[in-house]
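Colleague: First to last, the protein sequences are chains L and V. Residues 1163 to 1319 in our numbering are what the first sequence spells out, letter by letter. Residues 1163 to 1319 in our numbering are what the second sequence spells out, letter by letter. My structure is below; once you've seen it, I'll send some questions.
2 protein chains.
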Amino acid sequence: MKLPETTEWALHCVTALAQVPDEAVSRVQLAEHFALPAPYLSKQLALLVRGGVLSATTGPRGGFRLARPASDITLLDVVEAVDGSRDPYVCREIRQQGRGAAPPGECKDRCILAQKMRDAHDAWRESLQGVTVASLVDTLAASTVARTRASLSRAES
Amino acid sequence: MKLPETTEWALHCVTALAQVPDEAVSRVQLAEHFALPAPYLSKQLALLVRGGVLSATTGPRGGFRLARPASDITLLDVVEAVDGSRDPYVCREIRQQGRGAAPPGECKDRCILAQKMRDAHDAWRESLQGVTVASLVDTLAASTVARTRASLSRAES
Ligand code: FES
Ligand code: FES
Chain L
1163 MKLPETTEWA LHCVTALAQV PDEAVSRVQL AEHFALPAPY LSKQLALLVR
1213 GGVLSATTGP RGGFRLARPA SDITLLDVVE AVDGSRDPYV CREIRQQGRG
1263 AAPPGECKDR CILAQKMRDA HDAWRESLQG VTVASLVDTL AASTVARTRA
1313 SLSRAES
Chain V
1163 MKLPETTEWA LHCVTALAQV PDEAVSRVQL AEHFALPAPY LSKQLALLVR
1213 GGVLSATTGP RGGFRLARPA SDITLLDVVE AVDGSRDPYV CREIRQQGRG
1263 AAPPGECKDR CILAQKMRDA HDAWRESLQG VTVASLVDTL AASTVARTRA
1313 SLSRAES
């Protein structure tokens, strides 16, 4: 079970954008800020836009910004926008296979093992849903926020 | 993020063995019980032995059984034995990269994003740790347990 490297990109891009709420930041600026490959970053930014986490504007002053206040964006929103919301555990109804197969009539309820695996996924989701991007930005040192602003603000770059 | 199909095999094999506590069940019996490919199942059974969930005995009456009472085996024990215990989120210290890089002195603590992702993984682990194999067997219908016993007991096969 593994999340891709790009999950970290998405989490950090959203957290960075939350620190410059008045700016539209270009893909190239974000790529340089984190030393990421801009073409690959594009796909993640597009997923964040599609997932309603970011909004994009075009034109010379265009770029990406949060689609809503950072206090309304949770880590779950970010992770599911780029990685999807599917349960990592997939039940293939093994209980209905082989010599020990349960008859269909006994399989109307979800298998208890699949239920418990789903409960664990729900616990994971709830944990991430309880953390807003705003609450993370609040924990950052002033020097960190100043550095992000200096790097991403067009006025200062 | 995805768990392999074999996670379901492991969960069901352990739950099945918990229903025949007095038997050593062979790899072939387990494979036939669930219609699984015996050679691939071997690897999962070996991982469950290595993880301390099952014990294996050799000889004509040999096979697999639980290594300890089902009340002492949690779903986390089973899943981690076959899939490992690594956090699916890997932090590559993106905060120290690029134009916005934080100096090493500011990175002594784990990044708050990595911390929150770890918290979510811990919540997933705790959820699975709270469920024993014995508690699952207790929920099974008597007819299910009787069918498992008939399929896996050497006396009756
Ligand atoms: S049948 Fe899929 S988890 Fe039990
Ligand atoms: S540096 Fe890896 S999650 Fe922040």
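No residue lacks a Cβ here, since even glycine has one placed at the ideal position from N, Cα and C. As the structure is a prediction and not an experimental result, all values here were calculated from the model.
Is the region 1181–1191 of chain L close to the region 1285–1295 of chain V, with three or more CB pairs under 8 Å?
Modeller: As far as the Cβ criterion goes, the region 1181–1191 of chain L does not touch the region 1285–1295 of chain V, which means the pair count is below three.
Colleague: Determine the chain V residues that contact L:Cys1253 at a beta-carbon separation under 9 Å, and present them in chain order.
Modeller: In chain order: Glu1170.
Colleague: At a Cβ threshold of 8 Å, is L:Ser1315 touching chain V?
Modeller: For L:Ser1315, the answer is no, since every Cβ of chain V falls outside 8 Å of its Cβ.
Colleague: With 8 Å set as the bound, which would you pick, yes or no: does the beta-carbon of L:Thr1306 sit closer than that to a beta-carbon of chain V?
Modeller: Answer yes: the Cβ-Cβ gap between L:Thr1306 and chain V drops below 8 Å somewhere.
Colleague: Kindly identify the DSSP beta-bridge partner or partners of V:Thr1294.
Modeller: According to DSSP, V:Thr1294 bridges with V:Thr1236.
Colleague: Judging by CA-CA distance, which residue of V:Cys1269, V:Ala1276 and V:Ile1256 is the nearest neighbour of L:Pro1199?
Modeller: Comparing Cα-Cα distances from L:Pro1199 to each of V:Cys1269, V:Ala1276 and V:Ile1256, the minimum goes to V:Ile1256.
Colleague: Could you please give me the residues that DSSP links to L:Ser1217 through a beta bridge?
Modeller: Note: L:Ser1217 sits in a beta bridge opposite L:Arg1227.
Colleague: Return the CA-CA distance between L:Thr1306 and V:Thr1168, expressed in angstroms with no decimal places.
Modeller: For L:Thr1306 and V:Thr1168, the distance between alpha carbons rounds to 44 Å.
Colleague: Starting from L:Cys1175, follow the alpha helix (DSSP H) in both directions and report where the run begins and ends.
Modeller: Run containing L:Cys1175: Glu1167 to Leu1179, per the alpha helix (DSSP H) assignment.
Colleague: How about V:Ala1282: is its Cβ closer than 7 Å to a heavy atom in ligand 2?
Modeller: Not under cutoff, so the answer is no.
Colleague: Going by Cα to Cα distance, which pick from V:Pro1201, V:Val1240, V:Cys1175 and V:Arg1272 is closest to V:Arg1311?
Modeller: Residue V:Cys1175 is the option with its Cα nearest to V:Arg1311.
Colleague: Check whether the Cβ of L:Ser1253 sits closer than 7 Å to any heavy atom of ligand 1, and report yes or no.
Modeller: In the sequence as displayed, the identity of residue 1253 of chain L is Cys instead of Ser. Checking the Cβ of L:Cys1253 against ligand 1 gives yes.
Colleague: Distance check for L:Ala1296 and L:Lys1270, CA to CA, integer angstroms please.
Modeller: Looking at the two C-alpha atoms, the distance is approximately 43 Å.
Colleague: For a quick check, are the C-beta atoms of L:Ala1186 and L:Gly1214 less than 8 Å apart?
Modeller: No, Cβ-Cβ distance for L:Ala1186 and L:Gly1214 is not below 8 Å.
Colleague: Any idea what DSSP makes of L:Val1244, helix, strand or coil?
Modeller: Note: L:Val1244 maps to helix in three-state DSSP.
Colleague: Kindly list, in the order they appear in chain V, the residues whose Cβ is closer than 8 Å to that of L:Thr1177.
Modeller: The answer, in chain order, is Leu1275.
Colleague: State the CB to CB distance for the pair V:Ile1274 and L:Thr1301, rounded to an integer number of angstroms; the pair is presumed to be in contact (CB under 8 Å).
Modeller: At roughly 5 Å, the Cβ-Cβ gap stays under 8 Å, so V:Ile1274 and L:Thr1301 are in contact.
Colleague: L:Ser1319 by DSSP, collapsed to three states: which one?
Modeller: Residue placement at L:Ser1319 is flagged as unreliable, the pLDDT there being 42, under the threshold of 50; the coordinate-derived value follows with that caveat. Correct three-state label for L:Ser1319: coil.
Colleague: Excluding five sequence neighbours on each side, which residues of the same chain lie with their C-beta closer than 7 Å to the C-beta of L:Gly1253?
Modeller: Looking at the sequence shown, residue 1253 of chain L is not Gly but Cys. Excluding sequence neighbours, L:Cys1253 sits near Cys1273 and Ala1276.
Colleague: Any heavy atom of ligand 1 closer than 7 Å to the beta-carbon of V:Ala1308?
Modeller: Not so, every heavy atom of ligand 1 lies at least 7 Å from the Cβ.
Colleague: Taking 8 Å as the threshold (C-beta atoms), are V:Lys1164 and L:Pro1250 in contact?
Modeller: Closer than 8 Å, so yes.
Colleague: Verify whether the separation of the beta carbon atoms of V:Thr1177 and V:Leu1298 is less than 8 Å.
Modeller: Yes, the pair counts as a contact, with Cβ atoms nearer than the cut-off.
Colleague: Taking C-beta pairs closer than 9 Å, name the residues in chain V that L:Gly1213 reaches, listed in chain order.
Modeller: Within chain V, no residue comes near L:Gly1213; the closest Cβ sits about 16 Å away, beyond 9 Å.
Colleague: Using alpha carbons as the reference points, say which of L:Asp1239, L:Ala1172, L:Thr1219 and L:Lys1205 lies closest to L:Val1293.
Modeller: Out of L:Asp1239, L:Ala1172, L:Thr1219 and L:Lys1205, L:Asp1239 has the C-alpha closest to the C-alpha of L:Val1293.
Colleague: Could you check the C-alpha separation between L:Arg1309 and V:Gly1262 for me, to the nearest Å?
Modeller: Cα-Cα distance, rounded: 6 Å.
Colleague: Tell me whether V:Ile1256 counts as near ligand 2, meaning its Cβ is closer than 7 Å to at least one heavy atom of that ligand.
Modeller: Checking the Cβ of V:Ile1256 against ligand 2 gives yes.
Colleague: In angstroms with no decimal places, state the Cα-to-Cα distance between V:Arg1316 and V:Val1211.
Modeller: For V:Arg1316 and V:Val1211, the distance between alpha carbons rounds to 21 Å.
Colleague: Which one of L:Pro1222, L:Leu1237 and L:Leu1216 has the shortest CA to CA distance from L:Leu1228?
Modeller: That would be L:Leu1216, whose Cα lies nearest to the Cα of L:Leu1228.
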